[in-house]
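Chemist: Just dropping this structure here.
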Amino acid sequence: MFLRLLRCKDTIRITVDLLRHKELSKLKRKENEKFLKRLKKFKPQKLDSLIHPIHDEVFACTDCLQCANCCKTTGPKFIESDITRISKLFKMKTREFEDEYLRKDSEGEFVLKSVPCTFLGADNKCYIYDVRPKACREFPHTDRRKQTQILDHTLKNIEVCPAVYEIVEKLKKIPGVTAPSKSKGR
Ligand code: SF4
Ligand code: SF4
0 MFLRLLRCKD TIRITVDLLR HKELSKLKRK ENEKFLKRLK KFKPQKLDSL
50 IHPIHDEVFA CTDCLQCANC CKTTGPKFIE SDITRISKLF KMKTREFEDE
100 YLRKDSEGEF VLKSVPCTFL GADNKCYIYD VRPKACREFP HTDRRKQTQI
150 LDHTLKNIEV CPAVYEIVEK LKKIPGVTAP SKSKGR
């Protein structure tokens, strides 16, 4: 984490103020809905080429240990390989692990029984960091390929993750992204 923050090029690191983030993301909800709807019209590769460098830039300046809002407010899905890996760490049978920590959601997927996540420490560190679920490793997915396909999730994640909020705000400042572009084939 520390080494990653050393790579931060912004003069000011992103300060994680979750109350302010909640207010701002609520205020910008309509604007963001409209903006992300517009992004759906972009060619997948083009949008990836715009978002991925901003993802790197923003996360280089974000200290997730000051935040942990994803772990506090939303839980990951646990796929079979996650359950196998984590129950092994606890020296539990997978069934025991499921009974102790998980429940099935309306789609029949394993999720946490409650949030904040059971594995989150008071210092915002994850007790099972090395074996954490794939969904946690990949959150908030803004470095994934084909961003056009996950913009509905990104819209929801703006309200969870201050880094996603920043990424979207930076994206809006790129010429031609917010204002209608006259050039063909975005
Ligand atoms: S919500 Fe975003 S900024 Fe906060 S800990 Fe999770 S990934 Fe990091
Ligand atoms: S498993 Fe770890 S990274 Fe995932 S939500 Fe829980 S505390 Fe956060």
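Under numbering that gives the first Met the number 0, the first residue of the sequence shown carries the number 0, and numbering increases by one thereafter.
We treat Cβ as the ideally placed atom computed from N, Cα and C, and that holds for glycine.
D142: which of V130, V167 and R131 sits nearest, CA to CA?
Modeler: If we check each option's Cα against that of D142, V167 comes out closest.
Chemist: When every heavy atom of ligand 1 is checked, does at least one fall within less than 7 Å of the C-beta of C69?
Modeler: yes
Chemist: Are there 16 or more other CB atoms within 10 angstroms of the CB of L64, so buried, or fewer, so exposed?
Modeler: exposed
Chemist: If we call anything under 8 Å between Cβ atoms a contact, is I78 one with T93?
Modeler: no
Chemist: Under 8 Å by Cβ, that's how I've got L49 and L170 pegged, so tell me the actual separation to the nearest angstrom.
Modeler: Correct: roughly 6 Å between the Cβ atoms.
Chemist: Relative to the C-alpha of S24, which residue among S86, I157, P115 and T177 is closest?
Modeler: I157
Chemist: Classify V15 as helix, strand or coil using the three-state DSSP reduction.
Modeler: coil
Chemist: What did DSSP end up calling V114 once you bin it into helix, strand or coil?
Modeler: Of the three classes helix, strand and coil, the one that applies to V114 here is coil, per DSSP.
Chemist: Using C-beta distances below 6 Å, list every residue in its chain close to M91, excluding the 5 sequence neighbours before and after it, in chain order.
Modeler: none
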